[in-house]
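Note sheet for the following structure.
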Amino acid sequence: MGSASFRSASRHCHWKDCQFSTSNSETYEEHMLLHRRCPKDGCLSEFKEEKDIQRHVWKTHRRWAFSTKYPSIRGVCGICGKIYERKDYVRRHMREKHQDQNNKVRQQRPRRNRLLWKQ
1 MGSASFRSAS RHCHWKDCQF STSNSETYEE HMLLHRRCPK DGCLSEFKEE
51 KDIQRHVWKT HRRWAFSTKY PSIRGVCGIC GKIYERKDYV RRHMREKHQD
101 QNNKVRQQRP RRNRLLWKQ
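Going by the UniProt record's numbering, 25 is the number at position 25 of the sequence shown; the sequence numbering is gapless.
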């Protein structure tokens, strides 16, 4: 049996725009904790995923998020500010909760001329 040479596997941070990499698992775990914390000073909230942090920031620290141009999330109701993970959830919310306001918005848009054909 020959001796095998083992190298420590390099661990790379999976968060968008982060280039961090290390072969030390303890250093990696410490680094990942940085991403899991809410970025607002004084907030001690921690999360498992980036989308959870974004949702927290926009729900809890909305003024701060606007003032710092914090990245927006996929679905935010333009009328009440409710946050959704997907755009289709926002559309459904608009239909169910803001039908009157939604109709006013639609009426304000210019309509295209359509030709009606008799058959």
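The beta carbon of each residue, even a glycine, is placed where N, CA and C say it ideally should be. Here the structure is a predicted model, which means the values were calculated and not measured.
Beta bridge counterpart(s) of residue i as assigned by DSSP
i: T27; result: Note: T27 sits in no beta bridge, so no partner.
i: E46; result: R37
i: H12; result: S21
i: I83; result: V76
Delimiting residues of the alpha helix (DSSP H) encompassing residue i
i: Y89; result: K87 to K97
i: S67; result: R62 to T68
Candidates the options: closest to residue i by CA position
i: G81; options: K69, P71 and M94; result: M94
i: D100; options: D88, I83 and I79; result: I79
i: E50; options: S72, N24 and W64; result: S72
i: I53; options: C38, F20 and S67; result: C38
i: K48; options: H56, R36 and R55; result: R36
i: C77; options: T68, F66, S67 and H98; result: H98
i: N24; options: Y84, R86, S10 and K87; result: S10
i: G75; options: R55, L33 and Q19; result: R55
*asked:* Measuring CB atoms only, is the segment 32-48 touching the segment 60-67, in the sense that at least three cross pairs come out at less than 8 Å?
replied: yes
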